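A.B. asks: The structure under discussion is supplied below as structure tokens; questions concerning it will follow.
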Amino acid sequence: MQKMGAQIILTPVYRNVPSENDNSFLLVELEQKKLDWIIFASPSAVQNFHHILPDGFWESLAVKPKIACLGETTESAVNGLGWSVQFRPGIQDFEHLVKTLCEQHTKN
Numbered sequence: 145m146q147k148m149g150a151q152i153i154l155t156p157v158y159r160n161v162p163s164e165n166d167n168s169f170l171l172v173e174l175e176q177k178k179l180d181w182i183i184f185a186s187p188s189a190v191q192n193f194h195h196i197l198p199d200g201f202w203e204s205l206a207v208k209p210k211i212a213c214l215g216e217t218t219e220s221a222v223n224g225l226g227w228s229v230q231f232r233p234g235i236q237d238f239e240h241l242v243k244t245l246c247e248q249h250t251k252n
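Going letter by letter, the sequence shown gives residues 145 to 252 in this note's numbering.
Dropping the structure here:
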């Protein structure tokens, strides 16, 4: 398009990069068994979460939080790490994900 005279303006609207924040609080929460669920909405979220965990950390947890995924592709990313998914909504949207998780929570 540039060769035809068009001016190209690059405007990133979404950047998928691992967090550069101090995530040590998350490791403490996991070690102290304070998290009941981890909800992943994308394969990149799974990879970024895995990236902040020290090697062997997840496997060393005596009690692991349950994992919910928004869709099939995200579930595949979780399974690819050797982790298991406890919940994925039949309809792939946040409304059904949250509604069903809330219903399960009130039953327990």
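Each residue gets a CB set at the ideal place from its N, CA and C atoms; glycine is no exception. Keep in mind the model is a prediction, meaning the values are calculated, not measured.
When we look at the beta-carbon of Arg232 and count the other beta-carbons within 10 Å, is it buried (16 or more) or exposed?
C.D. replies: The residue given as residue 232 occupies position 88 in the sequence shown. Buried: at least 16 other Cβ atoms inside 10 Å.
A.B. asks: Considering just the uninterrupted stretch of the alpha helix (DSSP H) at Ile196, what are its terminal residues?
C.D. replies: Locating residue 196 in the sequence shown gives position 52, where the first residue counts as 1. Element bounds for Ile196: Pro187 to Ile196.
A.B. asks: So what does DSSP say about Ala221, is it helix, strand or coil?
C.D. replies: Position 77 of the sequence shown, counted from the start, is the residue given in the question as residue 221. Ala221: helix per DSSP, three-state reduction.
A.B. asks: Quick check on the DSSP output: the alpha helix (DSSP H) that includes Phe238 runs from which residue to which?
C.D. replies: In the sequence shown, the residue the question calls residue 238 occupies position 94. Start and end: Phe238 to Lys251.
A.B. asks: Given this structure, state the Cα-to-Cα distance separating Leu174 from Leu225, to the nearest angstrom.
C.D. replies: Translated into positions along the sequence shown, residue 174 becomes position 30. Translated into positions along the sequence shown, residue 225 becomes position 81. If I take the Cα positions, the gap works out to 17 Å.
A.B. asks: Alpha carbon to alpha carbon, what distance is there between Lys251 and Ile235?
C.D. replies: Within the sequence shown, numbered from 1, the residue matching residue 235 stands at position 91. Within the sequence shown, numbered from 1, the residue matching residue 251 stands at position 107. Going from the Cα of Ile235 to the Cα of Lys251 covers about 21 Å.
A.B. asks: From Ala165 to Cys213, what does the alpha carbon distance come to, in whole angstroms?
C.D. replies: Numbered from 1 along the sequence shown, position 21 holds the residue referred to as residue 165. Numbered from 1 along the sequence shown, position 69 holds the residue referred to as residue 213. The displayed chain sequence assigns Asn, not Ala, to residue 165. Approximately 23 Å between the Cα atoms of the pair.
A.B. asks: Can you tell me the Cα-Cα spacing of Val242 and Trp202, whole angstroms?
C.D. replies: Residue 242 sits at position 98 when you count from the first residue of the sequence shown. Residue 202 sits at position 58 when you count from the first residue of the sequence shown. Spanning the two alpha carbons is a distance of roughly 24 Å.
A.B. asks: Is the beta carbon of Ala221 closer than 9 Å to that of Val172?
C.D. replies: Locating residue 172 in the sequence shown gives position 28, counting from the first residue. Locating residue 221 in the sequence shown gives position 77, counting from the first residue. Not in contact: Val172 and Ala221 (Cβ atoms no closer than 9 Å).
A.B. asks: I'd like the list of long-range same chain contacts for Ser186, defined as Cβ closer than 7 Å, with 5 residues on each side in sequence excluded.
C.D. replies: Position 42 of the sequence shown holds residue 186. The answer, listed in chain order, is Thr218.
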